[in-house]
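Engineer: Got a structure for you, questions after.
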Amino acid sequence: MESSTSDPRPTMAPFAPFLVHSLNPFSNSLTSSLTIKLDRINYLSWKSQVVTTVIGHDLDQILFSDVIPTPTLINGAPNPEYLHWKRKDQLLLSWIRSSMSELILASVATFTTSSSVWRALEQRFSSQTKARLLQLKGNFSRLQKGNLPIAEYVEKAQATTDALAITLTALNTQD
């Protein structure tokens, strides 16, 4: 006669490890989502990768907001909401810093929250973004087919308009 006792150990559904991994926004998928390190010339490309990754991991409320859950203490005990925010913010800050060149990192090393680093970078690179916009407008106005094959001419025009669109989007989000 077989025993009908059940195993007292909890069982884990086959998808549970994936679920736990996907709930951690600082998993390998986040760290591997950036293919470039921020330097003094690739801000717009870097920013587009960071923004989509941050939004995809539902961290935009932390990065793009100055709101910090207060109070830090409730009835003398740590506020769990604040502790949760602080943990995510510091991990996000660490991730952003790890995606920078040493030169850029040195310029934001004293900032203590991810949103303060983000604002500092936007301020630092905004003049470069405006200069880039003027350069692209000039390139587009001077673009001529000349002896170029039509496919190459269209490709250059498309690349310039794409770059203009990215630059305009970046400027609009900075305002």
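Numbered according to our numbering, the sequence shown spans residues 9 to 183. Virtual Cβ for every residue (Gly too), placed ideally from N, Cα, C.
Return the CA-CA distance between LEU99 and THR137, expressed in angstroms with no decimal places.
Structural biologist: Answer to the nearest angstrom: the Cα atoms are 28 Å apart.
Engineer: If I measure Cβ to Cβ from MET3 and keep anything under 7 Å in the same chain, skipping five residues before and after, which residues do I get?
Structural biologist: The question about residue 3 has no answer, for the chain in this structure spans 9 to 183.
Engineer: Give the DSSP-derived three-state secondary structure of LEU67 in the structure shown.
Structural biologist: Three-state result, LEU67: coil.
Engineer: Between the alpha carbons of SER30 and ASP74, how many angstroms are there, rounded?
Structural biologist: Here the model assigns SER30 a pLDDT of 41, short of 50, so the residue's position is not dependable, and the following value carries that caveat. About 26 Å.
Engineer: Suppose the cutoff is 8 Å on Cβ atoms and the five residues either side in sequence are ignored; what does the same chain contact list for LEU141 look like?
Structural biologist: LEU172, THR175, LEU176 and LEU179.
Engineer: I think LEU91 touches TRP126, with their Cβ atoms under 8 Å apart; what is that distance to the nearest whole Å?
Structural biologist: Rounded, the Cβ-Cβ distance is 22 Å, inconsistent with contact.
Engineer: Using CA atoms only, rank isn't needed, just tell me which of TYR51, VAL62 and LEU144 is closest to SER134.
Structural biologist: Nearest of TYR51, VAL62 and LEU144 to SER134, Cα basis: TYR51.
Engineer: Where does SER106 land, buried or exposed, given buried means 16+ other C-beta within 10 angstroms?
Structural biologist: Per the 10 Å Cβ criterion, exposed.
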